[in-house]
Every structure is written in structure tokens, then in C-alpha cells.
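In what follows, a structure is listed as C-alpha cells, so that the remarks can point back to it.
Numbering (our numbering), first residue to last: 429 to 762.
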């Protein structure tokens, strides 16, 4: 009779151990009570039995050395339990068919920790993951990945709050260690496409980015209140643009590396207006300078002053001087 009973226990418990190798009830009642059961491959169980299967509270160690402790039903963890893996990882929480399902926690051998929700053994739902280096993530998980809304904090300072996909931030607000904020769509951790940067010093850029660098159409207001609008390349105005300085000066035209370089215009705070060519921010080539009193100089410029052929016209339209100018001075009448 005992031989038949042991065979019965072995067949039922093999589904959990993964083997039909020789097994024995070495102590107690392994049918409906408390007992100890061993397999030839080294697996063993000690705890409650019902109907010849592991049912109730017990501890099972498989042939690999992984230890399952907690509430068993039909020879599998069902209910509160704890698993100590031979690798050094520890998992505990609510189990369904020996898989974490519901609230639980994992402590990895390397020191990483997770506490939150599980489904069929994987992190799914709300949870918190703490890295051994001090980084942390709080938010939604799907199949062990950060997925959905969450907050990632960096141990070195800074954070990202927004949407994650397959473990990576894709859209939201990244705040660096200095307090600068990057808002928009991210690719490989950097802004790409439309977005906003709000700098700690009060400066702000809103427009298009490539690899977190201002690139494309946008508007930048620096910490002094100067406004740059137009086409950006590598973080500076390049191409058509307009700069409105806080002191009232307005530059508009073609820019290179943030400075007027090519055809453009400049309106001074006094009301004077220059229209013509620029070179590295200075009047250059042919142009017209008109004062607020309607006095005009039409001609050639160099380094920001009258230089070359030109004429000075009075408000009534008559010519005051016409000829050659040198570094802002009239030197030769036509």
C-alpha cells in the first residue's frame, strides 16, 4: 500500500518538479498532513499535503537549488510566497501557479529592487524600480519594461517625467541636474522634432530640435530678454531671422551663426534704420542709412560706417554731399 501511495505522490508532484524520477515520502504524512518528500534529482518539499499534492504552507527546493516558500495549492505556489533563487535574486508577493501575480517585490543579486504589481511573473502595472546606483523609476510597467506614464530620477541629479515605451523615455519633460527643462518628443534620450527648452537662467526656446540642439524654425528668448525668431542650425540663427533686442534694436535678414551676414536691416533704438548688406553683424557693401530726421546716406559701407562711393541726402531730398567716403569721413567730392 505504501508503495502505491508513494507512486501516487510522485506522479502528482512531478508536474512541479519537472521530472518523474524516483521520489519518496521520507517523513510524516505526504497524503493528507505534514511531511517531507524528496526526488532523486535533489528536489525536495517539506510542508502540508492534501490529496497527495503540496497544499497549504510549505517549502519546495527544485533540482536547480531555487527555493519556493509559502502557500501551495495543487503543488504550486498560490497565495503569499517567497522564492530565493540560486543566483541570489529574491522574489516575494502574491503568486498564481508559481508566478508572481498581483503585488510583489524583487531584490536582485546586484542590489536593484522592484516593488509593485505583477502579471504572470512579469512586472505589469504600477511599480517602483530602484537601481543600485541610486537612479529610480516610479510609474507604469508592461512585460518588465517601463511603459506608459512614469517618473525617472537620476542619482546625479535631474529627472524625466512623461511617457515611456519599451523602457525608454519618448515624450515628456526632462529636467537636467542644473535645472534646465526639456519638453517634447525624445529619441534615444534627446529632443527631436517640436519641443521646448526652459533654461534655469530664464532663457527659453520653442521650436524644432535635432538631438536636443535648436535646429529648424523656432523662437529663442535669452536671459536678458532678447528675442531670436527664424531658422536655427546647430543652436544658432542661420538663414532668415529676426532679432528684437531688449534695448529696442531690431535686426532682420539673413543670419550666420546668430549674426546678420548678408542682406538685412537694422532699426536702432533711436529710430534710425539701415537697409542693405551686412558682414558679421556690421554694415557692409551697398546700403541705405536713414535717420529719424529723414537724413539719408545711400552708398557703400565697410565695418559699419560709410566707406566708398555714396551720397548724403537732406530731408528735403537735395544732395548734401556726394563722392568718396573713408571710414565714415567724406574725403573726395564727386
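In this text, a Cβ means the ideal position worked out from N, Cα and C, and glycines have one as well.
Since this is a predicted model, take the numbers as computed values, not measurements.
Residue j and residue i - do their beta-carbons sit closer together than 9 angstroms?
i	j	result
residue 649	residue 632	yes
residue 465	residue 489	no
residue 652	residue 674	yes
residue 586	residue 566	no
residue 522	residue 544	no
residue 640	residue 683	no
residue 516	residue 509	no
residue 742	residue 751	no
residue 460	residue 479	yes
residue 563	residue 580	yes
residue 731	residue 711	yes
residue 626	residue 642	no
residue 494	residue 514	yes
residue 569	residue 557	yes
residue 477	residue 462	yes
Tell me which same chain residues have a C-beta within less than 7 angstroms of the C-beta of residue i, skipping the five on either side of it?
i	result
residue 449	With a pLDDT of 42 at residue 449, under the threshold of 50, the modelled position of that residue is not reliable, and no figure is offered here.
residue 559	540
residue 763	Residue numbering for the chain in the displayed model covers 429 to 762; residue 763 lies beyond these limits and cannot be assessed.
residue 471	445, 489, 490, 491
residue 715	702, 703, 704, 705, 729
residue 634	624, 646, 647
residue 486	473, 474, 475, 476, 500
residue 561	583
residue 555	542, 543, 544, 545, 569
residue 699	720
Counting C-beta neighbours from all protein chains within 10 Å, is the total for residue i 16 or more, i.e. buried, or is it exposed?
i	result
residue 481	buried
residue 492	exposed
residue 605	exposed
residue 694	buried
residue 623	buried
residue 503	buried
residue 679	buried
residue 511	buried
residue 577	exposed
residue 720	exposed
residue 537	exposed
residue 551	buried
residue 756	exposed
residue 724	buried
residue 630	exposed
residue 736	exposed
residue 475	buried
residue 789	Residue 789 falls outside the range modelled here, since the chain spans only 429 to 762, and no answer is possible.
residue 593	exposed
residue 584	exposed
residue 595	exposed
residue 607	exposed
residue 745	exposed
residue 727	buried
residue 669	buried
Please list, in chain order, all residues of the same chain as residue i whose beta carbon is under 6 angstroms from its beta carbon, the five residues on each side excluded.
i	result
residue 599	590, 591, 613
residue 713	705
residue 667	659
residue 676	697
residue 505	496, 498, 523, 526
residue 518	512, 535
residue 656	648, 665, 671
residue 767	With the chain represented from 429 up to 762, any question about residue 767 goes unanswered, as that position is not in the structure.
residue 571	550
residue 749	740, 758
residue 618	639, 640
residue 663	641, 642
residue 761	751
Only counting the same chain, and skipping five residues up and downstream in sequence, which positions put a Cβ closer than 8 angstroms to that of residue i?
i	result
residue 529	522, 523, 546, 547, 548, 549
residue 691	681, 682, 704, 705, 706
residue 638	620, 644
residue 689	682, 683, 706, 707, 708, 709
residue 747	739, 740, 741
residue 616	596
Given the structure, does residue i come close to the ligand HEM, in the sense that its CB is under 8 angstroms from one of the ligand's heavy atoms?
i	result
residue 623	The ligand HEM is absent from the structure shown, which contains no ligands of any kind.
Checklist line | Contiguous beta strand (DSSP E) assignments of at least 3 residues, all confined to the segment 621 to 695 | finding: 632 to 638, 641 to 649, 655 to 661, 664 to 672, 678 to 684, 687 to 695
Next item on the list: Quick one: which unbroken beta strand (DSSP E) runs of 3-plus residues sit fully inside the segment 536 to 593? Chain order, please.
Entry: 541 to 547, 550 to 558, 564 to 570, 573 to 581, 587 to 593
Notebook entry, point to check: Curious, which full-length beta strand (DSSP E) runs of at least 3 residues does the segment 486 to 514 contain?
Noted result: 495 to 501, 504 to 512
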